[in-house]
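Numbering (the numbering used here), first residue to last: 1410 to 2029. Glycine residues also receive a C-beta, built at the ideal position from the N, C-alpha and C atoms. In this text, all values refer to a predicted model and were calculated from it rather than measured experimentally. Worksheet for the structure shown next.
This is how it looks when you write it as structure tokens:
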């Protein structure tokens, strides 16, 4: 890796650039930025040509100074190229060698400063130039036609379908010993390439066989230019380049021109990171991407201004002004980033004017997983069948989660569902029925109902548990006493009510006129007129306090009265007010270490919670 490079002044003039100052403080990744036409691409091309031209001279110089490390033919050719003519005196040759060494030491400095050891290796970095392949490259191609260069330039737009097919087929055919014999190198290259694809793209390269035809696949999908996004095609192209150059990549300097034309910021940063993990000598990137520049950091950014490169570390304001506009572009970006909390506040508040949605089951859903654990514990503790009624099941999110339990573990579970037809979309109801039928292992289910009275009949089999998952906050507080009476009529005397809630919902909603009301442990105690710590009301939290599950004895439900509702709402008001006060003290000792966006969302959540509780109180 070069820590310092002095550009060739004459070559720079040919490219329309100014090379009056060396490029210093270069890291393993160097960014070149600036507005359109400032010279970013021309600087990369200049570097490509200069490094490749100096490579040949360096190799000649190394062959003469370290003859034991080079074959006889190479040494003779190098000596001939260095000699002015056949009668050149030894002193003149020494002067040439000394001049070459001084020139290299003046033009380049390695990262460890060890020029002597670097010269002894005799290895100059190879140059791989990745460019967009558009018409802007015409000048560069024209120069290459008139100059003796062997720079390996790679068009990022090329799609390596033939190479993919060949290597995928090689992996498949390797299973046949007759083919493998004599094709070991191809098989090894194919495996290396598959490893590179897996590392860079996160997809598995394989082969699909149809009759006598074979075609390459990624994660089971056929690889075709038209079925892949431009970013995926570029990453495959990068994988091919890495595969082709893998033996020499540690000694290569990669020059990449505006990769953000093909990749969104996150994919771009991931790709550069993975390239860096392959330890090339150096990576240079010409870019307009502000996320990529932020990731690289100001220490290793050079900006172009009218063809002159300069270190950007102490002039980032000017650099950003050139990219975003001198007037107010930088200020708008700063406002956008620093006001993430404000944006989150307004977004959540706006969402609180919309009706509540229905959640699907997500991979790793912590609330559903905790519910399944509770049901499993309930089944283990009971000797008989366990009857559970989910009130307001929506499309069957919890049913789907329970279905993941082994059949034997849930054999004694009798899971029933109630959805209010006035508040349930027919499509959601149909999905819920199907989920319940699958849970039962049948085509139809008789455990779905839209009339709760059938479970309230004296002759009905009562439930061991009734579940309200993200439901209570969607019921108007004035209806809570009536709801508790209805649920109590469905429960066995020793049964219990399970209330699961998201204590810090990430999406706002307006489930009824008063808005959402989410209760914590103290507020539930107030609602059911219970003392804190009573075994009749057990409360637990998970997921860093965000999710809660309360187990309330059936005998407490009768205590839910309008007076208790107002007491619970008063406690909600106080908690919300305390949280708002804390969030508005960002430098106080009690303030949470929250990122701006999350902080803004919490601010909105508690502000609306306080408002909703105030609106819901009948005694206010």
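In its chain, beyond the 5 residues on either side, 1963, 1966, 1967 have a beta carbon closer than 7 Å to the beta carbon of residue 1897. Under the three-state reduction of DSSP output, residue 1824 falls in the strand class. Counting the other Cβ atoms within 10 Å of the Cβ of residue 1688 gives fewer than 16, which makes it exposed. Exclusion of the five residues before and after residue 1439 leaves 1693, 1709 as the residues of its chain whose Cβ lies within less than 6 Å of its Cβ. DSSP places residue 1839 in the uninterrupted alpha helix (DSSP H) bounded by 1835-1849. For the pair of segments examined, the segment 1754-1772 was found not to touch the segment 1789-1801: the number of CB pairs separated by less than 8 Å stays below three. From the listed residues 1706, 1778, 1646, the smallest Cα separation to residue 1723 is found for 1706.
Using a 10 angstroms sphere on the CB of residue 1445, the tally of other CB atoms stays under 16, which defines it as exposed. Between the alpha carbons of residue 1660 and residue 1779 lies a distance of about 52 Å. Inter-residue distance for residue 1880 and residue 1610 is about 41 Å (C-alpha atoms, whole angstroms).
Along the length of the segment 1861-1948, whole alpha helix (DSSP H) runs at least 4 residues long occupy 1862-1865, 1889-1897, 1930-1936, reported in chain order. Residue state for residue 1537 is assigned as strand, using DSSP reduced to three classes. Residue environment for residue 1871: buried (at least 16 other C-beta atoms within 10 angstroms of its C-beta). Distance from the CA atom of residue 1509 to the CA atom of residue 1716, rounded to whole angstroms, is 28 Å. Distance from the CA atom of residue 1728 to the CA atom of residue 1627, rounded to whole angstroms, is 40 Å.
With the rule of 3 Cβ pairs closer than 8 Å, the segment 1880-1889 counts as touching the segment 1974-1993. Contact check for residue 1644 against residue 1761 fails: the beta carbons are separated by 8 Å or more. Straight across, the Cα-Cα distance linking residue 1928 with residue 1849 is about 33 Å.
Selection 1752, 1841, 1429 evaluated against residue 1417 yields 1429 as nearest (Cα-Cα).
The beta-carbon separation of residue 1908 and residue 1959, rounded to 4 Å, stays under the 8 Å limit for a contact. Judged by beta-carbon spacing, residue 1814 lies beyond the 8 Å limit of residue 1777, meaning their Cβ atoms are not closer than that value. Residue 1718 sits in a strand when the DSSP states are folded into three classes. About 4 Å separates the beta carbon of residue 2009 from that of residue 1754, a gap short enough to meet the 8 Å contact definition. Within the model, the alpha-carbon separation for residue 1638 versus residue 1670 is close to 12 Å.
Within the same chain, Cβ atoms closer than 8 Å to the Cβ of residue 1852 are found at 1846, the five residues on either side in sequence being excluded. Exclusion of the five residues before and after residue 1662 leaves 1534, 1536, 1690, 1691 as the residues of its chain whose Cβ lies within less than 6 Å of its Cβ. Under the DSSP assignment, residue 1799 falls in the beta strand (DSSP E) whose first and last residues are 1795-1800.
According to the DSSP assignment, residue 1956 belongs to the beta strand (DSSP E) that extends over 1956-1962.
Under the three-state reduction of DSSP, residue 1751 is assigned to helix. Residue range 1622-1627 is occupied by the beta strand (DSSP E) that includes residue 1622. Sequence-distant Cβ neighbours of residue 1685 in its own chain, meaning closer than 8 Å and more than five residues away, are 1437, 1438, 1692.
In the structure shown, residue 1768 adopts coil according to DSSP, grouped into three states.
DSSP places residue 1519 in the strand class (E or B) of the three-state scheme. Nearest in C-alpha terms to residue 1720, of all of 1431, 1893, 1738, 1903, is 1431. Buried is the label assigned to residue 1469, since at least 16 other Cβ atoms lie within 10 Å of its Cβ. According to DSSP, residue 1692 shares a beta bridge with 1438, 1663.
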